[in-house]
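*Asks:* Dropping a structure here in structure tokens format, bear with me for questions.
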Amino acid sequence: MSTYEQKGSLAMRALALKKTRALLVLAMASAGFAVTSSTASAAPVAIDLCASNGQITMPDTTVVPVWGFVQTASCAANLVNDTNFPGAPLVVNEGDVVTINVTNALPPDPAPATDPPDHTVRFEIPGITFDPGGTDAAVGATVSRTFTASAPGTYEFQSAGDAGRQEAMGLYGALIVRSATANQAYDVPSTGYDVEATLVLSAIDPNFNAAPDTFDLHGYRATYWLINGKAYPDTAGIVATAGQRVLLRYVNGGFDNTTMLLLGMHERVLARDARLLNNPFDADAETLPAGATEDAIATVPSTAPPSTSGFPLYNRQLHVTNGTAPNPAYAPGGMLTFIHP
Amino acid sequence: MTQRTRRLGLVAALAAGSALLVPVHAAALPVGAAKIGMICTPGALAGTTRTFNLVANTGYIETPDGNSVFMWSYANADTPDNGHFQSPGPVLCANQNETVVVNLTNTLPEPSSIVFPGQDAQVTATGGAAGLLTTEAAATGGTVSYSFLAGNAGTYLYESGSDVSKQVEMGLYGALVVRPSTGANFAYDSTATQFDPSREYLLLLNEIDPDLHHAVETGGTYDLNALHNRYFAINGREFPDTVQDNGSLLLPNQPYGALVRIQPNTPTNNQPALLRMINAGVDNHPFHPHGNHTREIAQDGRLVASTEHFGETIGSGQTLDYLLRWDDQDNWNPNGNPLPVAPPNYRNVFFKDGNTYYSGSPYLGYSGTLPTGTVSQNVCGEWYFPLHSHALNEFTNFDQGFGGMGTLLRVDPAGGCFASATSAAIVGGTLKSGSVTALGLDDTTYYQVNPKTTTRTSTTTAGQTTITVASAAGFPTAGSYYVRIDNEVMSVTGGQGTTTWTVLRGQLGSAAATHAAGATVTALANDWYAGFSGAPVGAQNLKVTYKGQNCGNTTGTSCTAMPTNLPQQTVKICNWTVAGAAGCSTSTSAGWVTLPAPPAQPQSVGSPDATSTWTLPGLANAYIGTGANNGQVRVLVHTQRWTAPSPTAFSTWGNFMKIVYDAP
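Here is the structure:
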């Protein structure tokens, strides 16, 4: 179980009062227990999300202002930090009736006359339909969205507000709908796994983040490349031992099609956008469209990896740099992690 | 194509002044390497271990706009290359279940290495030092050795695993091809992946930002964030250089061409070509063949459920394998199955002067008359389709279109290139009607040749054995031959080439008789040849096809069939090595070589047309002219009616003649 998921489970504990059953599932998974299929049953689930602001620190010590969804019922400004960006995956079970309460604690648009930027959160989960409600969440407001998690898979939730600027600031995250069968990504045995790792891929242009309302997007040039909000060497490893099947839940929250290269093994691509593929295929350099999700399973070889750090998984578009050269943390950096015991 | 033209001019200049110039040192290709298609660096096989010795080094590539760009790459340290810089790296070819050893010597100023994406077996490193992604060879001379079992067939990339944001962009990549145990004519261990091994192509894509390379060359700041690609390459070359031959001396450090060449699918020629594609660059490339679909069979060295595409994105670091067959499903030809609408009037079609390659015909395989303004005919009636990145900003060289990530898909006529005669000459006979163009198509127009005639100026007695004729022109200058005067056939046995002949009288069942002064003397044979031009030196599998008939009449526009005593036809080809053009200047010159059976010659040919195809008696080289006769092929048709009873004059009607060959 990756550090990331352990962290996710900690964050989830804040929701214990509202999400007792979901917490149980996640805690068992994080402890490495085999979860029996009988534990997953449809139930009403409520999740509180807070769209807040804050800042994160890049490996080259650059501090970047960001926005993010934080799972908390105590929504406030300035909640986002290095430990909760972009937030742990929301995890529900297939069949759950899910209510997501989204509170907007973003700072108000400093120049409201320049709409469309108005910092109104427009919460959506592509692939899942729900009543969009009468209004979006204006700054200071809360909206609720309810849907039935009818199909298992990996989804991305996001805010479409301010014509994409909110997502570029970090208002995105992963939603996992677990299948009815434990340790199985979908309702077919071929999607069985031993270890799962969610990889939310994204990028940051610090110049944009410094001026999200006024930055000319024509000049958008990302210089930080993140896995789960972190750039190498701060990225968490994916912990798996020889023979284990690693479910890689890719979520591309960035704006570029992103290619991840896995050395030493192929991954079997089973699903895209939370739908099983009719023809799964094996890949080692898999390209994920922006805004898309993908589920792939790689079985860790029993032989030694090419690197003493493990089996490298990195951005083949060479986005393995941090910030602008020269700086001591420039390379290696970016979207790079390892699968290791 | 101006750059190409300029380079061709340069070649001419080099040839003219070669004594003054240092020869260009090109990356050597293995002996016997084809000029078109994927070229393997075979390594050294000992038992089941195949060893490659690579050196990471620096050098320059040339771009079609006249630029040269500093690159890092892998070179083959073994003969014949001996470390000569090349971009991209050598194509490493191994067989499934061999142990592949790659020894790397690093001459770069920083540690370097190789990773092998898609190799799921352990890659064991020996020597070197642990790096972030793999074991590395130290800077400026360090070594490391990698070893792995090539367990799965397929198309793979190998590339640097060190400082990848710089080293991969600088060019440290190449192709690794693993052939399945099922054989070299299969791409994978699947019968569905069979292909024609003579049509195996590799298209390795990459992009180059010359400013970043300049920064590395001059020790400036290298910042990948500044990446602005200006060159978009296939196999390390940008269009139009991509269509140059493998090993072209014009591109001494870019040995791999990218021209893809196929023939239409026929019942006997039905194996597809294999296109191995690798994207070594960082951008996704929407690659796009014009013409037929391609069938995608594998990705990243693993079979996929095959699908057909005419536009498919190949992602960064990805490999895709395609089977490509070209189905001329409508089988258009101007005779039996013409285009359903008239081809456009040439005046309505824009041809760029001096830059248009065109067969002159809208039909695959037919060469026709070129429209005004078009000065260059393509080789053999082939069609060219673009095969390129449909991201049109990548179809450029430094923002100038078109160039860059494009090559051509060449569709040769079914069975290979063919050429039609461009000239015809009668070396025994007279022209009845028609011209050489009548030989270009299998149709109802003929190149018609009558026997040579002359006259006797005086009376001929029945016993006379020496006769004088008005002219000997067009009659054989050597050997015995028959002529006819009135109803008598005589054999000329002496004085050939002069106007005073020694003759035998009353031959072939005729009776010696008296002939009046002024009687016509008619040959009972004719000889003519057709000349072909532009046959490329190095062409092989040359075949000659001739279709024609012989008619009993020498006047009129319809053919009078001869029910009996058919003329004997012998088709010969000029061996230029005997005596050059002089060796094939007359009907009896020494250079003519009778085309060998099958079908056996001579053949009895009357009417209607008879069609025959012959292969050459040996390698094609001797039959394709050089020097002043460069590219010429000459085919003689000798027809005689020298058999009893009492043969009469005839005319020879040539309908169609072509040569077919595999261009080099």
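For the protein sequence lines, the chains are G and P, in the order given. Under our numbering, residues 1 to 341 are what the first sequence spells out, in order. Under our numbering, residues 1001 to 1664 are what the second sequence spells out, in order. Built from N, CA and C at the ideal position, the CB exists for glycine as well.
Identify which residue in G:156, G:321 and G:246 has its Cα closest to the Cα of residue 1223 of chain P.
*Replies:* Minimum Cα distance to residue 1223 of chain P is reached at G:321.
*Asks:* Can you check which of these residues, P:1201, P:1266, P:1166 and P:1186, is closest to residue 1219 of chain P by C-alpha distance?
*Replies:* Closest by alpha carbon: P:1166.
*Asks:* With the cut-off set at 8 Å, would you say residue 288 of chain G and residue 314 of chain G are in Cβ contact?
*Replies:* It is not a contact, given that the beta carbons lie outside the stated cut-off.
*Asks:* Quick one: Cα of residue 332 of chain G to Cα of residue 1210 of chain P, how far?
*Replies:* Between residue 332 of chain G and residue 1210 of chain P, the C-alpha separation is close to 22 Å.
*Asks:* Classify residue 221 of chain G: buried if its beta carbon has 16 or more other beta carbons within 10 angstroms, exposed otherwise.
*Replies:* Exposed, by the Cβ-count rule.
*Asks:* Please go through the same chain and pick out, in chain order, the residues whose beta-carbon is closer than 8 Å to the beta-carbon of residue 1395 of chain P, but skip the five residues on each side of it.
*Replies:* Cβ neighbours of residue 1395 of chain P beyond the five flanking positions: 1232, 1239, 1388, 1389, 1401, 1402, 1403, 1404, 1405 and 1406.
*Asks:* Less than 8 Å between CB atoms is the rule here; does residue 1180 of chain P satisfy it with respect to chain G?
*Replies:* Not one chain G Cβ lies under 8 Å of residue 1180 of chain P.
*Asks:* Within 10 Å of its beta-carbon, does residue 1339 of chain P have 16 or more other beta-carbons around it, so buried, or fewer, so exposed?
*Replies:* The residue in question, residue 1339 of chain P, is exposed, as its Cβ has fewer than 16 Cβ neighbours within 10 Å.
*Asks:* Among residues of its own chain, excluding the 5 on either side of residue 1087 of chain P, which ones have a beta-carbon nearer than 8 Å to its beta-carbon?
*Replies:* Closer than 8 Å at the Cβ level, and outside the excluded window around residue 1087 of chain P, lie 1059, 1061, 1071, 1073, 1171, 1236, 1253 and 1254.
*Asks:* Where does residue 1576 of chain P sit, in a helix, a strand or coil, going by DSSP?
*Replies:* The answer is helix: DSSP assigns residue 1576 of chain P an H, G or I state.
*Asks:* Could you give the distance in angstroms between the alpha-carbon of residue 110 of chain G and the alpha-carbon of residue 77 of chain G?
*Replies:* When rounded, the distance between both Cα atoms is 15 Å.
*Asks:* Using only the alpha-carbon positions, how far apart do residue 1648 of chain P and residue 1337 of chain P sit?
*Replies:* One C-alpha to the other measures close to 39 Å.
*Asks:* Using a Cβ-Cβ distance under 8 Å, would residue 320 of chain G count as near chain P?
*Replies:* It does; some Cβ of chain P falls within 8 Å.
*Asks:* Touching or not, the stretch 1263-1280 of chain P and the stretch 1436-1443 of chain P, by the rule of three or more beta carbon pairs under 8 Å?
*Replies:* They do not touch, by the three-pair rule.
*Asks:* Report the rounded CA-to-CA distance for residue 1519 of chain P versus residue 1411 of chain P, giving the unit in angstroms.
*Replies:* Near 57 Å, if we compare the C-alpha coordinates of residue 1411 of chain P and residue 1519 of chain P.
*Asks:* Just list the residues that DSSP pairs residue 1509 of chain P with in beta bridges.
*Replies:* According to DSSP, residue 1509 of chain P bridges with nothing at all.
*Asks:* To test your reading of the DSSP string, which unbroken beta strand (DSSP E) runs of 3 or more residues are found completely within the stretch 1285-1333 of chain P?
*Replies:* You should have 1285-1289, 1294-1299, 1302-1309, 1312-1314 and 1319-1324.
*Asks:* Between residue 266 of chain G and chain P, is any beta-carbon pair separated by less than 8 Å?
*Replies:* For residue 266 of chain G, the answer is yes, since a Cβ of chain P falls inside 8 Å of its Cβ.
*Asks:* In or out: residue 212 of chain G buried (at least 16 other Cβ within 10 Å) or exposed?
*Replies:* The residue is buried, with at least 16 neighbouring Cβ atoms inside 10 Å.
*Asks:* If I measure Cβ to Cβ from residue 1168 of chain P and keep anything under 6 Å in the same chain, skipping five residues before and after, which residues do I get?
*Replies:* So the list reads 1159 and 1160, once near-sequence residues are dropped.
*Asks:* Between which residues of its own chain and residue 1282 of chain P is the CB-CB distance below 6 Å, once the five residues before and five after are set aside?
*Replies:* Closer than 6 Å at the Cβ level, and outside the excluded window around residue 1282 of chain P, lie 1316.
*Asks:* Taking one C-beta from the stretch 1179-1189 of chain P and one from the stretch 1128-1145 of chain P each time, how about it: are there three or more such pairs within less than 8 Å?
*Replies:* With the cut-off at 8 Å, the stretch 1179-1189 of chain P and the stretch 1128-1145 of chain P do not touch.
*Asks:* On the CB-based measure, 16 or more other CB atoms within 10 Å of its CB, does residue 1084 of chain P come out buried or exposed?
*Replies:* Buried is the call here.
*Asks:* Is there a C-beta anywhere in chain G that falls below 8 Å from the one on residue 1171 of chain P?
*Replies:* Taking Cβ atoms only, chain G never reaches closer than 8 Å to residue 1171 of chain P, which makes this a no.
*Asks:* When you compare only the Cα positions, how much space is there between residue 323 of chain G and residue 256 of chain G?
*Replies:* So the alpha carbons of these two residues sit roughly 17 Å apart.
*Asks:* Threshold first: 3 residues or longer. Then list the beta strand (DSSP E) segments lying entirely within the stretch 1427-1482 of chain P, N to C.
*Replies:* Counting only runs of 3 or more, we get 1430-1433, 1447-1450, 1453-1455 and 1466-1468.
*Asks:* Would you say residue 1096 of chain P reaches chain G, if we count a Cβ-Cβ gap shorter than 8 Å as a contact?
*Replies:* Output row for residue 1096 of chain P: interface = no.
*Asks:* Using alpha carbons as the reference points, say which of P:1474, P:1398 and P:1512 lies closest to residue 1497 of chain P.
*Replies:* Minimum Cα distance to residue 1497 of chain P is reached at P:1474.
*Asks:* Below 9 Å on C-beta distance, what does residue 279 of chain G contact in chain P?
*Replies:* In chain order: 1304, 1305 and 1307.
*Asks:* Three or more C-beta pairs under 8 Å: does that hold for the stretch 222-238 of chain G against the stretch 1087-1098 of chain P?
*Replies:* Segments in contact, no.
*Asks:* Quick check: the Cα distance between residue 1471 of chain P and residue 1492 of chain P, rounded to an integer number of angstroms?
*Replies:* Distance between the alpha carbons of residue 1471 of chain P and residue 1492 of chain P: 14 Å.
*Asks:* Any C-beta of chain P sitting closer than 8 Å to the C-beta of residue 148 of chain G?
*Replies:* It does not: the Cβ of residue 148 of chain G has no partner Cβ on chain P nearer than 8 Å.
*Asks:* Assuming the contact rule is C-beta atoms closer than 8 Å, residue 1469 of chain P and residue 1523 of chain P should be a hit. Round their C-beta distance to whole Å, please.
*Replies:* That belief does not hold up - the Cβ atoms of residue 1469 of chain P and residue 1523 of chain P are roughly 11 Å apart, past 8 Å.
*Asks:* Just curious, the alpha helix (DSSP H) that residue 1167 of chain P is in, first and last residue?
*Replies:* Taken as a continuous stretch (DSSP letters only), the alpha helix (DSSP H) holding residue 1167 of chain P covers 1164-1170.
*Asks:* Is the Cβ-Cβ distance between residue 1326 of chain P and residue 1291 of chain P less than 8 Å?
*Replies:* Against a cut-off of 8 Å, the Cβ pair of residue 1291 of chain P and residue 1326 of chain P comes out as a contact.
*Asks:* Starting from residue 1236 of chain P, find everything on chain G with Cβ-Cβ shorter than 7 Å and list it in chain order.
*Replies:* Simply none; closest approach about 18 Å.
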